[in-house]
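Following: one structure in structure tokens, then a few remarks.
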Amino acid sequence: MLTDDILVTTDNGGWGKSGVKLSSFLVELKLLGVRSETDVDLLAAKYLSFPENLLTLTSHCGFFMMKCFKNLDVFYTSFLEKLRGYPWVKTSTGLSYPPVSILHEPTWGYLLNITDVPWIDENFYGNNIRLYKVDIRRLMSNIISKEILVYPWDVCDI
1 MLTDDILVTT DNGGWGKSGV KLSSFLVELK LLGVRSETDV DLLAAKYLSF
51 PENLLTLTSH CGFFMMKCFK NLDVFYTSFL EKLRGYPWVK TSTGLSYPPV
101 SILHEPTWGY LLNITDVPWI DENFYGNNIR LYKVDIRRLM SNIISKEILV
151 YPWDVCDI
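Number 111 in UniProt numbering belongs to position 111 of the sequence shown; there are no gaps in the numbering.
Structure follows, in structure tokens:
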């Protein structure tokens with residue numbers, strides 16, 4: 001069953017740019033079979049398309065895509081290919097592809113300042129990007145399940 005909480009969440013995720021709340025379309029959404037937030041994630045996974053100008057994507061769009069990726073229990077190859085196949089992540093070197101975008105770890109010290117790699121722009125995304133740390137790592141790898149393997153930066157102190 002749809003609730004206003006779910007609809008507000010999805011509205012903040014990038015739907016309803018005109019300022020109209022999705023909750024004003026309860027009847028229509030129910031007719032379309034949308035019953036839960038997961039249903040919205042499934043619809044997004046199925047119909048996601050990127051704009052011609054990727055610079056128009058806001059941080060909210062990025063969070064919405066990451067939320068969909070995080071919430072989907074089933075592995076959707078086409079959705080994952082879309083997420084990995086476009087340079088939509090705002091980084092220190094401009095827009096970058098998710099598989100090569102790196103979330104800086106505070107323990108790495110000044111590495112951020114002395115390397116020319118695509119560090120995810122935390123000024124653009126804010127601290128909430130850290131909520132998706134595990135999912136960013138999944139996008140960087142070929143891991144199908146939500147189980148996380150050991151990454152090189154987990155075992156070495158840079």
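All C-beta atoms, glycine included, are put in the ideal place defined by N, C-alpha and C.
Problem - Local conformation of G94 per DSSP, three classes - result: Indexing the sequence shown from 1 puts residue 94 at position 94. Correct three-state label for G94: strand.
Problem - A44 versus F79 - alpha carbon distance - result: The residue given as residue 44 occupies position 44 in the sequence shown. The residue given as residue 79 occupies position 79 in the sequence shown. About 9 Å.
Practice task
Go through its chain and collect everything with a Cβ distance to L55's Cβ below 8 Å, but skip five positions before and after it.
Solution key: Counting from 1 along the sequence shown, the entry for residue 55 is found at position 55. Cβ within range, chain order: L95.
Practice task
Would you kindly work out how many angstroms separate the C-alpha atoms of K133 and F50, rounded to a whole number?
Solution key: Within the sequence shown, residue 133 is the residue found at index 133, counting from 1. Within the sequence shown, residue 50 is the residue found at index 50, counting from 1. Distance between the alpha carbons of K133 and F50: 23 Å.
Problem - Assigned exposure category for T91 - 16 Cβ within 10 Å defines buried - result: In the sequence shown, residue 91 corresponds to position 91, counting from 1. Buried: at least 16 other Cβ atoms inside 10 Å.
Problem - DSSP three-state assignment for V117, whether helix, strand or coil - result: Reading the sequence shown from its first residue, position 117 is the one you call residue 117. Note: V117 maps to coil in three-state DSSP.
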